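Quick note on numbering: the sequence shown equals residues 1 to 343 in UniProt numbering. Reading through the structure tokens given below for one structure.
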Amino acid sequence: MRTTATIYMLTGISIGTIMVTSSNSWMLAWLGLELNSFAILPLISKTKHPRSIEAATKYFLTQSTASCLILFASTINAWQTGTWTITQMPDKLPSTLMLIALTMKMGAAPMHLWLPEVMQGTTLLTSLLISTWQKIAPMVLIFTTSNHLPSNITLIMGLLSTYLGGWGGMNQTHLRKMMAFSSIANMGWTLMTLTSEPKMSMINIMTYMLLTTPTFILLAQTSTKTLQDMTTMWTTSPTSSITLTFLLLSMAGLPPLTGFMPKLLILNELISQNMTAISVATTMASLLSLIFYLRISYLTSLLNTPSSSTSTTKWRQNMNNLKMTQMAPTAVMSTTALPTLYP
């Protein structure tokens, strides 16, 4: 019964995203976003724990507020232009309100405070859905209206997201909160070139999803939730430890891994737009994220906990073959796709 309900909810999430990506009207897009938000609420609260109920409540209130803003902005735009078409948004007021609402749905600063709490209160696989699939629909709407969005506000929100994501993740010991702040920082990189080169922003967010998927699957398979759990991963699953280290370094943007490619392209675009100071500030913000990525990598691969056992590997975990088969292609692409993606 639980499996059937989960499949039903996942189907609703998929249909909602498809409705948004294929719609040309704000009303249909709004309905798709509502279906997307309501379908994931049972998945967030399914663990029957007060923390998960709190996370579902926070998610519902945040998404409802963002949906009200979307409906308000689209109504103002329809009143001014006489059409509900998504691509017709010439006035600054509805475009600014729409930007705020959509970034709130994705968890970008300064409307980001709900994301770490929600991801901490739910399971790892549901956190994977929140940080990847749930961002597709609002990101498509932002991409569609990118030529009407205010560039200055978008740049400010991008810088805030990169800095707050980096600062927030440095002091965390829970991996789900750390990945939430990583998502916030990556949204900042996505917003930096949204108005000048939106295709580059889409490449960045899709690359991040490619990196995040095998990372969350590995954490879920090894039941790793805190930094303390990371210290014992080498003795329980050396292969997972090595793979996770490369994935984290790729998310940090270190060359020659895949995560380096979108950051290099974004910095190149900012410099070509004569925004060298902003590119330098964004690069400095990436160093904040690099600190906690390197800390996790150190605990995962370079630190062995004290043990009385003479064996280097006390026991091996029996991995789910289906999930590991699904993870393998994304893990390879997340760490070795730089030569094929960068011209």
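The beta-carbon is built from N, C-alpha and C at its ideal position, and this holds for glycine as well. Fair warning: this is a prediction, and the values are worked out from it, not measured in the lab.
Exercise. Is the beta carbon of residue 358 sitting closer than 9 Å to the one on THR123?
Worked result: Examination of residue 358 is not possible in this model, given that the chain is present from 1 through 343 alone.
Exercise. So which of GLN88, TRP79, PRO150, ALA56 has the shortest CA-CA distance to LEU99?
Worked result: PRO150
Problem set entry | TYR8 burial status per 10 Å Cβ neighbour count (16 or more: buried) | exposed
For this session: Please classify ARG176: is it buried, with 16 or more other beta-carbons within 10 angstroms of its beta-carbon, or exposed?
Result: buried
For this session: Work out the CA separation of ALA185 and LEU35 for me, nearest whole Å.
Result: 27 Å
Exercise. Which residue from ILE13, MET179, THR235 puts its Cα closest to that of LEU41?
Worked result: ILE13
Exercise. Does the distance from the CB of MET20 to the CB of LEU141 come in under 9 Å?
Worked result: Note that residue 20 corresponds to Val in the displayed sequence, not to Met. Yes, the Cβ-Cβ distance between VAL20 and LEU141 is below 9 Å.
Exercise. How do the segment 161 to 168 and the segment 279 to 297 stand: do at least 3 beta-carbon pairs fall below 8 Å, yes or no?
Worked result: yes
For this session: Quick one: give me the first and last residue of the alpha helix (DSSP H) that TRP189 is part of.
Result: 175 to 192
Problem set entry | Bridge partner(s) assigned by DSSP for THR85 | SER25
Exercise. Where LEU267 and LEU290 are concerned, what is the direct C-alpha to C-alpha distance, given to the nearest angstrom?
Worked result: 17 Å
Exercise. Helix, strand or coil for THR226 per DSSP?
Worked result: strand
Problem set entry | Beta-carbon proximity list for MET139, same chain, < 7 Å, skipping 5 on both sides | MET106, ILE205
Exercise. Should the segment 208 to 220 be called in touch with the segment 251 to 264, which here means at least 3 C-beta pairs below 8 Å?
Worked result: yes
For this session: Over the uninterrupted alpha helix (DSSP H) stretch that includes TYR298, give me the two end residues.
Result: Segment: none, TYR298 is in no alpha helix (DSSP H) and carries neither H nor E.
Exercise. Where does PRO110 land, buried or exposed, given buried means 16+ other C-beta within 10 angstroms?
Worked result: exposed
Exercise. Nearest to THR125 by alpha carbon, out of ALA252, PHE292, GLN221?
Worked result: The sequence given here has Leu at residue 125, not Thr. Residue GLN221 is the option with its Cα nearest to LEU125.
For this session: Using a threshold of 9 Å, state whether the C-beta atoms of LEU191 and THR145 are closer than that.
Result: no
For this session: Closer than 6 Å by C-beta to THR207: which residues in its own chain qualify, once you throw out the five before and the five after it? Chain order, please.
Result: PRO262
Exercise. Leaving out the 5 sequence neighbours to the left and right, which residues in its chain are closer than 7 Å to SER182 when beta-carbon positions are compared?
Worked result: GLY165, GLY169, MET251, SER289
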